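Enquirer: So that we are looking at the same thing, I have put the structure below in C-alpha cells.
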Amino acid sequence: MHIERYDFGQIVIDGVTYRQDLLIWPGTIKKDWWRLEAHLLQVPDVAEALAARPQVLVVGMGQPGRLQVAADLAQYLKENDIDLVAVPTAEACRIINSLSGKKRLAAALHLTC
1 MHIERYDFGQ
11 IVIDGVTYRQ
21 DLLIWPGTIK
31 KDWWRLEAHL
41 LQVPDVAEAL
51 AARPQVLVVG
61 MGQPGRLQVA
71 ADLAQYLKEN
81 DIDLVAVPTA
91 EACRIINSLS
101 GKKRLAAALH
111 LTC
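Per our numbering, the very first residue in the sequence shown carries number 1; after that it's consecutive.
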C-alpha cells in the first residue's frame, strides 16, 4: 500500500481516491468508517483493525489534529505491545509510507478537521 497524496478531505491510495475517513489494516481499506464520538478514537472504533494484530496503530488526527485518542485505547495498545503514533494526517501518511512493508500496520485516518 502506498499513499500517493493527502489533501484536506481527500486521500489517494494506490491510485484510488477516497473522500471519507478510513480504517486500514493489512489487506483492507474500510471506507465510510466513523467513530462512536466524532473526535474521540476509542477501542470499539478500531476493533476490526486491532483484530489483525498490528505492531503499530497510526492515527491521522485530521489536518489540524482535532481527533483525540481516548485514554482507554492508549492503555489497551500499551498492554498489547502495539505502538501508537498519533499525529496530524499529513504526517501520518508519511509515516505509513515509511513503515509500509517494514511493520505490520493498522491506521485510522481522519481526513478533515
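Beta carbons are placed, not taken as given, at the ideal position from N, Cα and C, and that holds for glycine. This structure is a prediction, so every number in the text was calculated from the model and none was measured.
1. If I measure Cβ to Cβ from Val85 and keep anything under 8 Å in the same chain, skipping five residues before and after, which residues do I get?
2. For the stretch 28-87, which segments carrying the beta strand (DSSP E) assignment without a break, of at least 3 residues, lie completely within its bounds, in sequence order?
3. Which residues in the same chain have their Cβ closer than 7 Å to the Cβ of Pro54, if we skip the five residues on either side of it in sequence?
4. What number of angstroms, rounded off, separates the C-alpha of Leu50 from the C-alpha of Val16?
5. Rounded to whole angstroms, what is the Cα-Cα separation between Leu109 and Leu99?
6. Select from Leu40, Glu48, Leu41, Leu22 the residue whose C-alpha is nearest the C-alpha of Asp32.
7. Quick check on the DSSP output: the alpha helix (DSSP H) that includes Thr89 runs from which residue to which?
Expert: Per the coordinate set shown:
1. Here Val85 has Val56, Leu57, Val58, Val59, Ala92, Ile95 as same chain residues with Cβ atoms under 8 Å from its own Cβ, once five neighbours each way along the sequence are excluded.
2. 28-30, 56-60, 83-87
3. Trp25, Ile82, Arg104, Leu105, Ala106
4. In this structure, the alpha-carbon of Leu50 lies about 24 Å from that of Val16.
5. 16 Å
6. Leu22
7. 89-99
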